[in-house]
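Shown next, in C-alpha cells, is the structure this report addresses.
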Amino acid sequence: MVDLTSFQLHDLTSVELPPTLTELDLTANRLSSLDPRIAHLSNLTKLSLRQNLIDDAAELVLRDNKLGKIPDVAIFKKLLVFDVSFNEIHSAQGLSKLSSTLRELYVSKNEVPKMEEIDHLFQLRILELGSNRLRVMENIEKLTNLEELWLGRNRIKQVNLCGLKCIKKISLQSNRLTSMTGFEGCVALEELYLSHNGIEKMEGLSTLVNLRVLDVSSNKLTSVDDIQNLPKLEDLWLNDNRIESLGSISDAVAGSREKLTTIYLANNPCVRFPTTIKQLKHPHCHIISFAFRFPITVFGPKFWLSSFHIACCRVIMHYICEVMLQAAVGFFLL
Numbered sequence: 047m048v049d050l051t052s053f054q055l056h057d058l059t060s061v062e063l064p065p066t067l068t069e070l071d072l073t074a075n076r077l078s079s080l081d082p083r084i085a086h087l088s089n090l091t092k093l094s095l096r097q098n099l100i101d102d103a104a105e106l107v108l109r110d111n112k113l114g115k116i117p118d119v120a121i122f123k124k125l126l127v128f129d130v131s132f133n134e135i136h137s138a139q140g141l142s143k144l145s146s147t148l149r150e151l152y153v154s155k156n157e158v159p160k161m162e163e164i165d166h167l168f169q170l171r172i173l174e175l176g177s178n179r180l181r182v183m184e185n186i187e188k189l190t191n192l193e194e195l196w197l198g199r200n201r202i203k204q205v206n207l208c209g210l211k212c213i214k215k216i217s218l219q220s221n222r223l224t225s226m227t228g229f230e231g232c233v234a235l236e237e238l239y240l241s242h243n244g245i246e247k248m249e250g251l252s253t254l255v256n257l258r259v260l261d262v263s264s265n266k267l268t269s270v271d272d273i274q275n276l277p278k279l280e281d282l283w284l285n286d287n288r289i290e291s292l293g294s295i296s297d298a299v300a301g302s303r304e305k306l307t308t309i310y311l312a313n314n315p316c317v318r319f320p321t322t323i324k325q326l327k328h329p330h331c332h333i334i335s336f337a338f339r340f341p342i343t344v345f346g347p348k349f350w351l352s353s354f355h356i357a358c359c360r361v362i363m364h365y366i367c368e369v370m371l372q373a374a375v376g377f378f379l380l
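Every position in the sequence shown, counted from 1, becomes a number in the numbering used here once 46 is added.
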C-alpha cells in the first residue's frame, strides 16, 4: 500500500508506483489529471482520489486488468469515454456513478449478468457489452442518442430496443435469438449483425430503409424474405443457412438493384451445384458461393472483431472477385 494523503502533490512524477501495488491513496492532494501509469497497475484493488482537482478527464481506460467490480469514478465530472473491458467484473453496479456526459461505454469480455444503472446516460453514443452473461435487453429505453449497440456473445433470446430511432449499428451475434422482430422502430439502422443464432424466418425488416449491411449467416433460414424495400442494401450475408431456392433471393433483392454489391451464399443447399448461380443475376453484385471465413463482429469499434474489419474483408472479397473475373476474360480471349 502507498498512502500519500495530504502530500499536496500536483503530479506523481516523483512517486514510484511498483507494478505489484494493490492500494493507492491519493486523497487531499492537488492532482488535476490521472497519471497514465495507474492504468497499468494490474494488481490494484483500491484507488482513492478524493479531494483533488480532477474534473476534466475525458477518457478513462482500465481494460485488460483484473477488476472484480466497476470502480468508483464519480470524481470525473466530464468523462466522455469509459472502458473496463477484458476484466473480471461480475456486476454492472457502479455504473450509476458515471457522469451523464459519457459518450462511449465499453464493458465487454466480463461476467456481467444484467444491464443496469445505465439509464441516466442520455448522451451515450456507443454501448459495448459483448461477451458477458446477459439474458435480457433492458434499461436502454432512455438512451435516445445511442448510435451503436454491441451485444454479441451473450444469452439474449428476444430483441427489445424500445424504438431507439437514432441507432445505426447493432450486433447481436452469437446469442439465442429465434426471431428477428423488434427492430421495426430503428429506422436509422445501417448495419445489423445477427449471425450465429437460431433464427428461422426473416421478418421485421421492411421499415429499415437505411440498412446497408445485413448479416444473418449461420442461422436456420430456409428462404429470404422482407427485404424487398431496402434500397440502400449493399452487403447481404446469408451463408451457412438452409436456403433451398435462388428464386426467392432474386425476388427479395430486386429493390436493392442499384446498391447491392455482395451476396454471400456459401454452405446453402441452393448453391450445391455451381451452375445454379447463373439464375441469380444482379448488376454490379458479387455472388460469393464458396466458403470464405472471416471473424464475426462480436465486439464493437474498440476491438479487432469490428465492422471496420468486416468492411476490409468485403473490400478484399471484391478485389479477389475482380481478379478472378479478369483472369476468366483473359482465358477466353486467348
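From the three backbone atoms N, C-alpha and C, an ideal C-beta is built for every residue, glycine too.
Classified as buried, Lys-155 has 16 or more neighbouring CB atoms from the shown chains inside 10 Å of its CB. Contact check for Phe-128 and Leu-144: beta-carbon distance about 6 angstroms, within the 8 angstroms limit, so the pair qualifies.
Contact check for Leu-173 against Leu-192 passes: the beta carbons are separated by less than 8 angstroms. Judged by DSSP in its simplified three-state form, His-332 adopts strand.
No Cβ-Cβ contact shorter than 8 angstroms links Cys-232 with Lys-215. Each residue's CA atom was taken as its position, placing Arg-109 and Asp-81 some 16 angstroms apart.
Inclusion of Val-158 and Arg-179 in the CB contact set at 8 angstroms is warranted, their separation being smaller than that value. CA-CA distance, Ser-296 to Asn-206, rounds to 31 angstroms. DSSP, reduced to helix, strand and coil, places Asp-81 outside both helices and strands of the structure shown, so it counts as coil. Assignment of beta-bridge partners to Leu-195 by DSSP yields Leu-173, Ile-216.
Taking the CA atoms as reference points, Val-48 sits about 14 angstroms from Asn-75. Only residues of its own chain outside the window of five on either side were considered, and among them Asn-178, Leu-180, Asn-221 have a CB closer than 6 angstroms to the CB of Asn-200, listed in chain order.
Annotation for Leu-125: Ala-103, Ala-104, Glu-105, Leu-106, Val-119, Leu-144, Ser-145, Thr-147, Leu-148 place their beta carbon closer than 8 angstroms to its own, counting only its chain and skipping 5 residues before and after. Rounded to the nearest angstrom, the Cβ distance from Gln-274 to Gly-293 is 14 angstroms, too far for a contact under 8 angstroms. With distances taken between CA atoms, Thr-73 lies nearest to Asp-57 out of Ser-137, Thr-224, Gln-139, Asp-57.
Boundaries of the alpha helix (DSSP H) around Ser-296: 292-298. As far as DSSP is concerned, Leu-72 takes part in no beta bridge. Apart from the 5 residues on each side of it in sequence, Asn-265 sits with its Cβ closer than 6 angstroms to the Cβ of Asn-243, Ile-245, Asn-287 in its chain, given in chain order.
By the CB criterion at 8 angstroms, Val-270 and Ala-234 fall outside the cutoff. For Phe-128, the enclosing beta strand (DSSP E) has its first and last residue at 127-129.
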